[in-house]
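The next block holds one structure in the form of structure tokens; read it before the comments.
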């Protein structure tokens, strides 16, 4: 019996759909904080997209690059390169979150959420 396996483009599409749903949920759940963000809902959305795209883009490029390489060269499917690429991808995501532009966007969102909670307490 053969196992179910997605093609590379199907996997990529599935990841994009998952990220879009995650962005939508994060935006919807933060609806109460929109008014406390300097740019309102539009600014909050821009910061959210900026943080997500810059954080996950390097990781996705590395993982899908290795996946395409393995599709072309299946003999390297069990190579240590696969596991090393996952480690490099996770480290690249963590490094990307420390870029000043991303840190500033994240700080604005956190401040909006904190200001909303402070207003809620009173």
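Numbering (the numbering used here), first residue to last: 423 to 544.
Even for Gly, the Cβ is constructed at its ideal location relative to N, Cα and C.
All values derive from a computational prediction rather than experimental measurement.
Judged by DSSP in its simplified three-state form, residue 501 adopts coil rather than helix or strand.
Counted as a single uninterrupted DSSP element, the alpha helix (DSSP H) harbouring residue 431 occupies residues 430-451.
In this structure, residue 524 and residue 472 form a Cβ contact; the two beta carbons are roughly 7 angstroms apart against a cut-off of 8 angstroms.
Boundaries of the alpha helix (DSSP H) around residue 484: 462-494. Counting every other CB atom within 10 Å of its CB across the protein chains shown gives residue 466 a total of 16 or more, marking it as buried. A contact between stretches requires three or more CB pairs, one per stretch, nearer than 8 angstroms, and the segment 467-486 meets this requirement with the segment 509-522. Collapsing the DSSP output to three states places residue 520 in coil. Between residue 515 and residue 487, the alpha-carbon positions lie close to 15 angstroms from each other. Taking one beta carbon from each stretch, the segment 534-544 and the segment 452-459 have 3 or more pairs nearer than 8 angstroms; the two touch. Around the beta carbon of residue 511, 16 or more other beta carbons lie within 10 angstroms, which makes this residue buried.
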